[in-house]
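Going by our numbering, the letters in the sequence shown line up with residues -11 to 430, in that order. Report on the following structure.
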Amino acid sequence: MQLRIYDWMDRRLKLKALEKTLLDEPIPGGASWIYVFGSATLFLFVLQAVTGMFLAIYYAPTPDHAYDSVQFIEGQVAFGWFVRGLHHWGASGMVVAVGLHMLQVFLYGAYKPPREMMWIVGVILLLLVLGFAFTGYLLPWDQTAYWATQVGINMVGTVPLVGDFLARVMRGGETLGALTLSRFFAIHVLFLPAVIILGIMVHLFILRRVGPAGPWDEKKASAKREAFYPRQVYMDAVVMLVVFATLAVLATSVPFPLTDKANPSDTSFVPVPEWYFLFYYELLKHVHGPLEPLVTWVLPALFITTLILWPFLDRKVSRSPASRPIGMTLGVVFLLVVFSLLGISLKNLYAVKRTDPAIAQGKAVFARFGCAGCHRIHGEGGAVGPDLSYEGDSRPDREWHHRHFKDPQSTSPGSIMPKFPLTDQELNELTSYILSLKKTAT
Ligand code: HEC
């Protein structure tokens, strides 16, 4: 029965010819797990499109309602939290998949003739993906979204001549507000999808015209030819399943709570970008003054230009990594720098999160009672009493500090340190703070 329907349709739509074109594409050297990242990226794109459509049913792109509508999706809509979770982690997955796909292509020299155009379109697709990430980040309209976007637009603003203009176009005016949100939304759900679908089509069209590259070893490449179906299709499908399962687990088990609703007047908020921008955020933190434009636009511009021109800069005919020492070294150095910066950034963030709130309170008590008048901490304060920079290391005894603060003379006879009227809570907070003063900062 099934076959008869298929035959019936085939006579009208010529499906069998289509099936042949789709599935019989020969892969030089045969199917391999290393080729799965392109289709994993495509799968993630479809997933983002579908989850995005469902989110758009409830999402309202105005400063008054955006935040509440996301909270509504999260708390009231059936499976809203799951769809939003998939979309959130799917964006991360997309960055990972694109990264791995590019690494594979880079390692295999698959950008070399005749595939330069496929590489260039690929770089444009990467930029579009980052565009999705940037515009999507603003949509929940919480503090993080608002202030991280502010930072991003300010970076664009540092580009000479056109920066100001671009920043104003992105904001839709002088300030980040209702107009910004609606244009980010339109770009995220209408403009970018249209452009990226076109880009994906061109990317795949070129792939079908030139064929997949296969192994860099010509002998291996020509030794075996295997059709796309069934083994490569099977491998791609398995990876898609694994990707979906991973996202589903992340969506159910790792919370990513909204911060407070965006408050344009609270300039003290320090935004943290998504993890895939963190390495750059770390770099930004350390470069100030006249060197700042270097990081805000020169470096990214240089990087993208190099990436686009890469097939023409690396002119060796051989695709083997061994014959491309400069390219390989650059690649490894790039990865080392990115992952070191990411590591440093994560370590700093994690450290901040772990800090006991009592420590911050204790620090305030320390300031309130003027302890710094007699004690120095990291070069600040008087020298009447001992330096307390590493007090947590030299005297880690909580009990001792309690007794000492209640009555300095009880533990240190003849001490000139005054008895302070501390409440029990202040006493605890102060002790927590003093004990946190260690060489290995927590
Ligand atoms: C008038 C100066 C003075 C002020 C103000 C003062 N201290 Fe002291 N502090 C001392 C002196 C002197 C000592 C050394 C004698 C002792 O242990 O009491 C000392 C000792 C300490 C020690 C123990 C250091 C050790 O030996 O391990 C700690 C901890 C300390 N102070 C914390 C504080 C805190 C917290 C405050 C504010 C609530 C404060 N001090 C205010 C003079 C001062």
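We put the beta carbon where it would ideally sit given N, CA and C, even for glycine.
Mind checking whether the beta-carbon of residue i lies closer than 6 Å to any heavy atom of the ligand HEC?
i    : result
P409 : no
V325 : no
R391 : no
F369 : Before going further, note that residue 369 is Gly rather than Phe in the sequence given. False, no ligand heavy atom lies under 6 Å from that Cβ.
R356 : no
R383 : yes
G361 : yes
S398 : no
I404 : yes
P281 : no
P401 : no
V157 : no
G350 : no
G87  : no
G331 : no
V372 : yes
Can you list, in chain order, the residues of its chain with a C-beta nearer than 7 Å to that of residue i? Leave out the 5 residues immediately preceding and following it.
i    : result
E414 : V353
L410 : F393, L418
F244 : H76
A44  : V177
D381 : K426, K427
I112 : G187
D302 : R312, G315
F94  : G319
V247 : The question names Val, but residue 247 in the sequence shown is Thr. Within the same chain, T247 has close Cβ partners D130, Q131, T132.
For residue i, count neighbouring C-beta atoms within 10 Å of its own C-beta (all shown protein chains included) and say buried if the count is 16 or more, exposed if not.
i     : result
Q220  : buried
F327  : exposed
G369  : buried
A429  : At A429, the pLDDT of 46 sits below 50, so the modelled position is not reliable and the matter cannot be decided from this model.
P49   : buried
P331  : Looking at the sequence provided, one finds Gly at residue 331 rather than Pro. Exposed, by the Cβ-count rule.
A371  : exposed
W(-4) : exposed
L91   : exposed
L186  : exposed
T39   : buried
P261  : buried
A155  : buried
M158  : buried
Q36   : buried
F291  : exposed
Y338  : exposed
T123  : buried
T168  : buried
R(-8) : exposed
Confirm the yes/no value for this check: CB of residue i, any heavy atom of the ligand ZN, distance under 6 Å.
i    : result
S420 : What this structure holds is the ligand HEC, not the ligand ZN.
Quick one: what's got a C-beta closer than 8 Å to residue i's C-beta in the same chain, skipping five residues either side?
i    : result
R199 : One point to set straight first is that residue 199 is Gly, not Arg, in the sequence displayed. Cβ neighbours of G199 beyond the five flanking positions: E13, P14, P16.
I108 : I296, P299
K351 : Y421
L502 : What the structure shows of the chain is the stretch from -11 to 430, and residue 502 is not part of that stretch, so it cannot be assessed.
V117 : M82, V83, V86, I184
R356 : none
Would you mind giving the Cβ-Cβ distance between residue i and residue j, rounded to the nearest angstrom? I have them listed as a contact below 8 Å.
i    : j    : result
K100 : P309 : K100 to P309, Cβ: 12 Å. No contact.
S333 : E270 : 4 Å
A121 : V83  : 7 Å
Y96  : A201 : 6 Å
P218 : A209 : 21 Å between Cβ atoms; not a contact.
R383 : D375 : Wrong, their Cβ atoms sit about 12 Å apart, outside the cutoff.
H366 : S377 : 5 Å
A250 : L74  : With 8 Å as the limit, A250 and L74 do not qualify as a contact, their Cβ atoms being about 24 Å apart.
F81  : L32  : It is worth fixing the name first, because residue 81 is Gly in this sequence and not Phe. Right, the Cβ-Cβ distance comes to about 5 Å (below 8 Å), so this counts as a contact.
G373 : M405 : 6 Å
R259 : A166 : The sequence as given places Pro at residue 259; Arg does not occur at that position. With a Cβ gap of about 20 Å, P259 and A166 do not count as contacting.
F216 : L11  : 6 Å
Suppose the cutoff is 6 Å on Cβ atoms and the five residues either side in sequence are ignored; what does the same chain contact list for residue i look like?
i    : result
I347 : S420, Y421, S424
V24  : M223, D224, V227
L272 : V283
L88  : F25
S398 : R391
E379 : I422, L425
With three or more C-beta pairs closer than 8 Å as the rule, is the stretch 22 to 29 touching the stretch 224 to 232?
These segments touch.
Does the stretch 68 to 87 come into contact with the stretch -5 to 9, if we say contact requires no fewer than three beta-carbon pairs (one atom in each stretch) closer than 8 Å?
These segments do not touch.
With contact counted as at least three CB pairs below 8 Å, one residue from each stretch, are the stretch 53 to 60 and the stretch 186 to 198 in contact?
Contact between the stretch 53 to 60 and the stretch 186 to 198 is absent: fewer than 3 CB-CB pairs across the two stretches fall below 8 Å.
Does the count of Cβ pairs from the stretch 125 to 141 and the stretch 311 to 325 closer than 8 Å reach three?
Too few Cβ pairs lie closer than 8 Å, so no.
Should the stretch 279 to 291 be regarded as contacting the stretch 145 to 161, the criterion being three or more beta carbon pairs within less than 8 Å?
Contact holds between the stretch 279 to 291 and the stretch 145 to 161, because three or more Cβ pairs, one in each stretch, are under 8 Å apart.
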